[in-house]
Every structure is written in C-alpha cells, then in structure tokens.
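Notes follow the structure.
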Amino acid sequence: AITVDTHLKINNTEIERVNEIKFLGVTIEKKLSWKPHIDSIKAKLSKSLAVLYKVKDFLDEKALYLLHCSLILPYFMYCVEVWGNTYETHLKPLFIIQKRAIRLVNKAACREHTHLLFTHLKALKLRELVTLRTAQFMYKVMYNLMPKQIQDLFQIRECFLRSQRV
C-alpha cells in the first residue's frame, strides 16, 4: 500500500490528522467505513431496547410504538443519509436491533418474521429508511432547497449523457 504523508493547512494552521473524530454527533473515521459510528448507535440502541423490554407488559401497542418513535427511531434517522450507505455487514447489527424493537412493539415472539410487523406498523426497515432519506436529500439538492454551503458541493448537469429516442 502506498502511503502519502499530507499536511493540510487552513489559514496557515496545520490540521491535525486523527484516526477518528466526532463531529455534530457523527463519528467520522479515516477509512469512512462508519463502523465506529454504527457501534456507537448500537450501544445507545441497546439501552433504549432494554427500556422498551421492561415496559412492554404495561403498555399497549400504540404507547409502545410512540416510545419506539422517541427512544429508538431518532438514532436511525440522524444523518442516516451520510452513514447509512455503508457496507451491509456494518448495518446488519442495527437491522437486527430494529427487528427486535419492532417485535417488542407488536408483542410478537422473538423468532417471528418481521416483514408483516413492519407493514402493520407502517414502519420502514433500515435500508428503506436510508433510501428514503437519501432521496429526500437529493430532491432538495436538485431543486435548490438546501443551504447555499451544501448546495455548492453539488454540480447539477443539464445535459443528457445518453441518447433520447422518441
């Protein structure tokens, strides 16, 4: 492997190279695999899942779903368009936790298939959530609905690269 020792300066101040850093709640590491961030989410979700498990016998499905939306869903939603397009193997532990939460909300058996449970709750699976949020982000970019600083990162081309036959 070729290693290049680069020094980045902004206003004559050298930027320190680190293996990972937390910025606005998202852990960014040098390989951009998002694994440290996903591990952090996993730890937080496990605590929220424990709360859901402890109250499942005392609450009905609607209350459990509201609790799910406030304790679990925000961890999946925050900046998912950034970290969610990583390797499937990194996302799998999060999807397993998501399925456990959906089973708890539905008061289903621990081995029950979750496809119908997601449908019943009208909830999106993690991969579907990533796709939706990425599409919403790109829609905002395409129609200039993002702040100028973000909009300037993208170049929208008007030309068609493939022939258009009628």
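Residue numbers (our numbering): 5 to 170. By construction, the Cβ of each residue, glycine as well, lies at the ideal position given by its N, Cα and C atoms.
Would V22 and E85 be called neighbours here (beta carbons separated by less than 9 Å)? no
Presumed contact (8 Å Cβ cut-off) between Y69 and L125, rounded CB distance: 6 Å
So what does DSSP say about V30, is it helix, strand or coil? strand
Pick from G88, F122, I106, T90: whose alpha carbon is nearest that of S52? Out of G88, F122, I106, T90, I106 has the C-alpha closest to the C-alpha of S52.
Could you please give me the residues that DSSP links to L12 through a beta bridge? Beta-bridge pairing links L12 to I19.
Do you know offhand how far D9's Cα is from T17's? Taking the straight line from one Cα to the other gives about 17 Å.
With distances taken Cα to Cα, identify the nearest neighbour of L98 among K48, M142, F141, V55. Minimum Cα distance to L98 is reached at K48.
Reduced DSSP secondary structure (H/G/I, E/B, other) of I25: strand
So, at 7 Å on beta carbons, what are the nonlocal neighbours of V145 in its own chain, with the 5 sequence-adjacent residues on each side left out? Excluding its 5 nearest sequence neighbours in each direction, V145 has C-beta neighbours in its own chain below 7 Å: Q155, F158, listed in chain order.
Terminal residues of the continuous alpha helix (DSSP H) containing M142? 130-146
Which residues in the same chain as K34 place their Cβ atom closer than 6 Å to its Cβ, once the five residues preceding and following it in sequence are excluded? N23
Within 10 Å of its beta-carbon, does G29 have 16 or more other beta-carbons around it, so buried, or fewer, so exposed? exposed
What would DSSP say about Y82, mapped onto helix, strand or coil? The DSSP-derived three-state label of Y82 is coil.
Is the separation between the beta-carbon of N110 and that of L121 shorter than 9 Å? yes
Distance check for M142 and Q153, CA to CA, integer angstroms please. 15 Å
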